[in-house]
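Chemist: Protein sequences, first through last, are from chains A and B.
Residues in the first sequence are numbered consecutively from 204, following the working numbering.
Residues in the second sequence are numbered consecutively from 272, following the working numbering.
Every residue, glycine too, gets a C-beta built ideally from N, C-alpha and C.
As the structure is a prediction and not an experimental result, all values here were calculated from the model.
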Amino acid sequence: MSILINKDTRLLVQGITGNEGLFHTTQMVAYGTNVVAGVTPGKGGEWVLDGKIPVFDSVKLAVEATGANCSVIFVPARFAPDAMFEAADAGIPLIVCITEGVPVQDMMRVRNYIDQKGVRLIGPNCPGLLTPGEAKVGIIPGNIAIPGNVGVVSRSGTLTYEVLYALKLVGMGASTCVGIGGDPINGTNFIDVLEMFEHDPQTEKVVLIGEIGGTDEDKAAEYIAAHMTKPVVSFIAGQTAPPGKRMGHAGAIIEGSAGSAADKIRALEAAGVKVAKHPEEIPSLLK
Amino acid sequence: MKLHEYQSKAIFAKYGIPIPKGRVAATADEAKQIAEELGGRVVIKAQVLVGGRGKAGGVKVAKDADEAAELAGQILTMTIKGLPVRKVLVDEAAAIAHEIYFSITNDRAAKKPVMIASAAGGVDIEEVAAKTPEKIVKIHIDPLLGLRDYQARDIAASIDLPRELWRDFSRIAAGLWQAYKDNDAELAEINPLVITKDNKLVALDGKMLIDDNALFRHPDLAEIRDVDEEAPAETEARRHGLSFIKLDGNIGCMVNGAGLAMTSMDIVKLFGGEPANFLDIGGGAGAEKVAAAMRIILADPNVKAVLFNIFGGITRCDEVARGILTAMEEVKPKVPMVVRLVGTNAEEGRKLLENANMITAETLADAARKAVAAAKG
C-alpha cells in the first residue's frame, strides 16, 4: 500500500511536448510509471517517446480515450491555472501541478473551484509524488529513495531529496513522498497528507518537512496531537530567515509575528513531534 | 512588489475612489508650485516604501506655499529607516471628522480574499488587531463570485457608518475590489478612509502590494518598481532570474532550491557561522546563471568563504561545476570555497572541479562545518 499513487495509476501529462514535460515523461516512464496519454492543444494525433504515448488536444479527449485518472501539469505559469481548471472539469480526481510562479489570485480561484468539484490538487510549485518502486508523478529523482515504511510530506523540493537520500543511506525507505509545494495557496496541506498516512497500513512513521511562512505547520501540530498514533519527526527550514523577506518560495515569508521557524518548532514539539536540528539528523530520530 | 502612496492612490482614483487633490514633487520648488495651485493648507508626505513615515517626521502640514517649499525641502533630505526620500506627495489638507480603516487582502488560511474594516482607522491596524480585535470586521469574498453589494453594506453597518454614506461606501468598496483584482494585488489598503467635516468619504492614504508572480500581465506596474528598498545585489540577481537576499554574515551560500537554501543557511548558523546571503539558483540552472550567482556572492566584501550545496535533480551538477569554473576565471576569488555535489551528474561535476583548489564535502553537515572553519581562517 501507499497513498495517492501506485503502479496502477493511469497518468496523463499536460504540456507533454514541451522541454520539461518531455524530459520528465521520459524519466517517469523509465521509473515504471504508467503514462497513458499527453495533452498539448494543437498537437492532438501526434505521438511521443517513439510512438508509445498518444498526444491529445484536450484533457477531456485524453480521458475518454485512455481512462487517465491522474494528471501532472508541466505548463508555464501563465497557462497553468487553465490547465488545472481543465483537468478538474474533465473529471480527473488527482491533479499534480509542478509549475512554479502561478499568481496567487489565480490560485484562489482554482482552489475554490476544485474544492467544489471534490478534486484533489497537489501543488503548485511542487516536486510531485513518489511511491518508491512503483510510480513517480513529477520531478523527484527516482534513484534517491527506496521502498519502505516512512511517509514523507514536504513544502520543499530539493530539501525533500536531501531527506530521502539521508534515509536511503541508512537503509530506510519511503512508503510515499508527497511534495505539497512552496506557494501560499496550494491544493493540499499537511493535515490532508497526515490523515492519509495515518490510515495507510504501509506507513509506520512520518517525516514532516516545513518552512517559515503561514500557519500550516501549527495546524499540523494540533492535528498530530489530537489524531496521529504514528510517530512524526520534523524539520523546519528558515530559522535564520529575516522577517518580511520572501525566501525564494512565494509562501516562505515571516509576516508580522506569524510564520517564524521558532514558533512552528515550539508548536510541533508541544505536540510530541521530534524536531531535527538538520536534515541528516532525521534518520536517527526515526529509529 | 510595493507601490508608493501616490502610485496606489492614482490607481484608486481610476476605479472611482475619491482621493484628495495633489501631485508628487521631487524638489522644494515643485512642491511650492503644487501648493500654490491647490491653495490653502497642504500636507507634505514623504514617499518611501516603509511604514511609520509619520512617526519619523516624514508627514507635515503647511499653511501656505512658502511653508510647503520649506517643509518639502526638509523632508527631501531625510532618510527614513535606511531609505532616502526622493519624492514627496503634496495633497490638499482635509478637514477630518472621523478615520476608518479599509482594505482587501489575501487570506492565506481561508484561501480567499478578505475585506477588513475598522472604525478605529488612521493608526497601525496590527496594533488595533492586537489590543482591541473586536473593533475589526472581516468578510471573506468568494473569488469566483467577486464582491457582492450586500457584503459592502454589511461592512458599512458593522463599523457604524452613518446610513447616508452607505451608497458612497459601497462604490468605494466596489472600486477597491476591482483595483485589487485587476492589478493582482496582495493588499489594497486605505488607511485612513476619512469622513470629512462636510460629510464626504475620501481615501487620504493608499497602499498596494502587487504579486510578483503576476507582473507578467502588468508590464506597466513592473516598470514603475522602485528598487530603492532592495540591496543593489538583489536587483542584479533578479535580472538573472536568481532569488537572492543579502544578510550580514561572512559565509556566502549558493544552493539549488529555496528550502535547501534556507536549510544551508540554518546549518551554517548551527555550526557557529553566519550566512552572508540566501541564494537559490533555481531548478535546471545552466553554467551562465551559476557564474552570475558567483559574481554576486563574491562582490560582497564581507564574504570570507563560500559554500556550494547542490542536490542535482533537474539541475545537473556538471553544469553547475562549469559555471563555477567560468566565474573563477573571471573574478579570481581569494576566499576558500567548499563544494558539495550530490545527485544528477555529481561524478562528472566533481571531476571538473578536481583541479580548482576547492574543499570538497560529502554531507550537508560536513560542508557547513568546513565552510565555518574556512571563514575563520
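Run through DSSP, which three-state label would B/E625 get?
Modeler: Start at 1 with the first residue of the second sequence, and residue 625 of chain B comes out as number 354. Coil at B/E625, not helix or strand.
Chemist: Below 8 Å between beta carbons: does that hold for A/V436 and A/V410?
Modeler: The residue given as residue 436 of chain A occupies position 233 in the first sequence. The residue given as residue 410 of chain A occupies position 207 in the first sequence. In contact: A/V436 and A/V410 (Cβ atoms closer than 8 Å).
Chemist: Quick one: using the 10 Å Cβ neighbour count with 16 as the cut-off for buried, is B/W448 buried or exposed?
Modeler: Taking the first residue of the second sequence as 1, we reach residue 448 of chain B at position 177. Classification of B/W448: buried, given that the 10 Å Cβ count is 16 or more.
Chemist: Can you name the start and end residues of the beta strand (DSSP E) that B/L612 belongs to?
Modeler: Translated into the one-based positions of the second sequence, residue 612 of chain B becomes position 341. Segment 608-614, the beta strand (DSSP E) holding B/L612.
Chemist: I'd like to know whether the C-beta atoms of B/V606 and B/G544 end up nearer to each other than 8 Å.
Modeler: In the second sequence, counting from the first residue as 1, residue 606 of chain B sits at position 335. In the second sequence, counting from the first residue as 1, residue 544 of chain B sits at position 273. Contact flag unset, no.
Chemist: Take B/I396 and list the residues in its own chain whose beta-carbon comes closer than 6 Å to its own, dropping the five residues that flank it on each side.
Modeler: Here residue 396 of chain B refers to the residue found at position 125 of the second sequence. Excluding residues within five positions, the ones whose Cβ falls inside 6 Å are Y372.
Chemist: Among the candidates A/T432, A/T302, A/D318, A/F400, whose CA atom is the shortest distance from the CA of A/G294?
Modeler: On the first sequence, residue 294 of chain A is found 91 positions in, with the first residue counted as 1. Nearest of A/T432, A/T302, A/D318, A/F400 to A/G294, Cα basis: A/D318.
Chemist: Given A/T229, which residues of its chain have a CB within under 7 Å of its CB, disregarding the five upstream and five downstream residues?
Modeler: Position 26 of the first sequence, counting from 1, holds the residue named residue 229 of chain A. Within the same chain, A/T229 has close Cβ partners L252.
Chemist: Would you say B/P414 lies against chain A (beta-carbon separation less than 8 Å)?
Modeler: For the purposes of this step, residue 414 of chain B is taken as the residue at position 143 of the second sequence. Look at B/P414: its C-beta is under 8 Å from a C-beta on chain A.
Chemist: Just list the alpha helix (DSSP H) runs in the region 400-488 of chain B, keeping only unbroken ones of 4 residues or longer that don't cross its boundaries, in chain order.
Modeler: 420-429, 437-453
Chemist: Is the region 531-539 of chain B touching the region 554-566 of chain B in the sense that three or more CB pairs, one from each, lie closer than 8 Å?
Modeler: Because the criterion of three Cβ pairs below 8 Å is not met, the region 554-566 of chain B and the region 531-539 of chain B do not touch.
Chemist: Report yes if the CB atom of B/G287 is closer than 8 Å to the CB atom of B/G392, and no otherwise.
Modeler: Sequence index remark: in the second sequence, residue 287 of chain B carries index 16 (1-based). Sequence index remark: in the second sequence, residue 392 of chain B carries index 121 (1-based). Against a cut-off of 8 Å, the Cβ pair of B/G392 and B/G287 comes out as no contact.
Chemist: Give a yes or no on whether 8 Å exceeds the smallest Cβ distance from A/V476 to chain B.
Modeler: Counting from one through the first sequence, the residue named residue 476 of chain A turns up at place 273. No, A/V476 lies away from the interface with chain B (no Cβ there is under 8 Å from its Cβ).
Chemist: Run down chain A in chain order and give the residues with a C-beta less than 8 Å from the C-beta of B/A532.
Modeler: Indexing the second sequence from 1 puts residue 532 of chain B at position 261. By Cβ distance, chain A contributes M450, G451.
Chemist: If you run the structure through DSSP and keep just helix, strand and coil, what is B/H275?
Modeler: What you label residue 275 of chain B is simply residue 4 of the second sequence in a count that begins at 1. Coil, per DSSP.
Chemist: B/E457 touches chain A at which residues, Cβ-Cβ below 8 Å?
Modeler: For the purposes of this step, residue 457 of chain B is taken as residue 186 along the second sequence, with counting starting at 1. Chain A residues near B/E457: V307.
Chemist: Just reading off the beta strand (DSSP E) that A/T334 is part of, what are its end residues?
Modeler: As a first step, residue 334 of chain A must be located in the first sequence, where it is residue number 131. Element bounds for A/T334: 331-334.
Chemist: Quick one: which chain A residues come within Cβ less than 8 Å of B/N616?
Modeler: By 1-based counting over the second sequence, the position of residue 616 of chain B is 345. Here the premise fails: no neighbours, minimum Cβ distance about 11 Å.
Chemist: Can you name, in chain order, every residue of its own chain whose Cβ lies under 6 Å from the Cβ of B/R611, other than the five neighbours on each side?
Modeler: Numbered from 1 along the second sequence, position 340 holds the residue referred to as residue 611 of chain B. Excluding positions up to five away in sequence, the list reads N580, A632, A638.
Chemist: Name, please, each residue of chain B whose Cβ falls closer than 8 Å to the Cβ of A/R281.
Modeler: By one-based count along the first sequence, residue 281 of chain A stands at place 78. Within chain B, the residues near A/R281 are F487, R488.
Chemist: DSSP beta-bridge partners for B/A388?
Modeler: Taking the second sequence and counting its residues from 1, one reaches residue 388 of chain B at position 117. Paired residue(s): B/F373, B/V408.
Chemist: Give the residues from the region 414-430 of chain A that approach chain B closer than 9 Å (Cβ to any Cβ), ordered along the chain.
Modeler: Flagged, chain order: E414, I415, G416, G417, T418, D419, K422.
Chemist: Examine chain B for any beta-carbon lying closer than 8 Å to the beta-carbon of A/Y234, and answer yes or no.
Modeler: Indexing the first sequence from 1 puts residue 234 of chain A at position 31. It does not: the Cβ of A/Y234 has no partner Cβ on chain B nearer than 8 Å.
Chemist: So with Cβ pairs under 8 Å, would you call A/Q442 a contact of chain B?
Modeler: Here residue 442 of chain A corresponds to residue number 239 of the first sequence, with the count starting at 1. Chain B, which has a Cβ nearer than 8 Å to the Cβ of A/Q442, makes this yes.
Chemist: Go ahead and pull the three-state DSSP assignment for B/Q318.
Modeler: In the second sequence, the residue the question calls residue 318 of chain B occupies position 47. DSSP places B/Q318 in coil when its eight states are reduced to three.
Chemist: Is DSSP giving A/E249 helix, strand or coil here?
Modeler: Working through the first sequence from its first residue, we reach residue 249 of chain A at position 46. Correct three-state label for A/E249: coil.
Chemist: By DSSP, does A/A440 sit in helix, in strand, or in coil?
Modeler: In the first sequence, counting from the first residue as 1, residue 440 of chain A sits at position 237. Residue state, collapsed to three classes: strand.
Chemist: To which residues of the same chain is B/W437 closer than 7 Å at the C-beta, ignoring the five residues directly before and after it?
Modeler: As a first step, residue 437 of chain B must be located in the second sequence, where it is residue number 166. Result list for B/W437: R424, A427, in chain order.
Chemist: Please list, in chain order, the chain A residues whose beta carbon lies closer than 7 Å to that of B/G528.
Modeler: Numbered from 1 along the second sequence, position 257 holds the residue referred to as residue 528 of chain B. Those are S359, G360, T361, L362, listed as they occur along chain A.
Chemist: Is there a C-beta anywhere in chain A that falls below 8 Å from the one on B/L504?
Modeler: The residue labelled residue 504 of chain B in the question sits at position 233 within the second sequence. Reading off the sequence, residue 504 of chain B comes out as Ala, not Leu. No, no contact with chain A.
Chemist: Do the region 382-389 of chain A and the region 436-446 of chain A touch if we need at least three Cβ pairs shorter than 8 Å?
Modeler: no
Chemist: Identify the residues that DSSP records as bridge partners of B/R294: which are they?
Modeler: Taking the first residue of the second sequence as position 1, residue 294 of chain B is located at position 23. B/V361.
Chemist: Against chain B, does A/K480 count as a neighbour if the rule is that its beta carbon must be under 8 Å from one of theirs?
Modeler: Taking the first residue of the first sequence as position 1, residue 480 of chain A is located at position 277. Yes, because at least one Cβ of chain B sits closer than 8 Å to the Cβ of A/K480.
Chemist: Can a CB atom of chain B be found closer than 8 Å to the CB of A/N315?
Modeler: Locating residue 315 of chain A in the first sequence gives position 112, counting from the first residue. It does; some Cβ of chain B falls within 8 Å.
Chemist: Are there 16 or more other CB atoms within 10 angstroms of the CB of B/D482, so buried, or fewer, so exposed?
Modeler: To locate residue 482 of chain B, count along the second sequence from 1; it is residue 211. Buried, by the Cβ-count rule.
Chemist: Would you tell me roughly how many angstroms separate the C-alpha atoms of A/P482 and A/R358, rounded to the nearest one?
Modeler: Locating residue 482 of chain A in the first sequence gives position 279, counting from the first residue. Locating residue 358 of chain A in the first sequence gives position 155, counting from the first residue. Approximately 14 Å between the Cα atoms of the pair.
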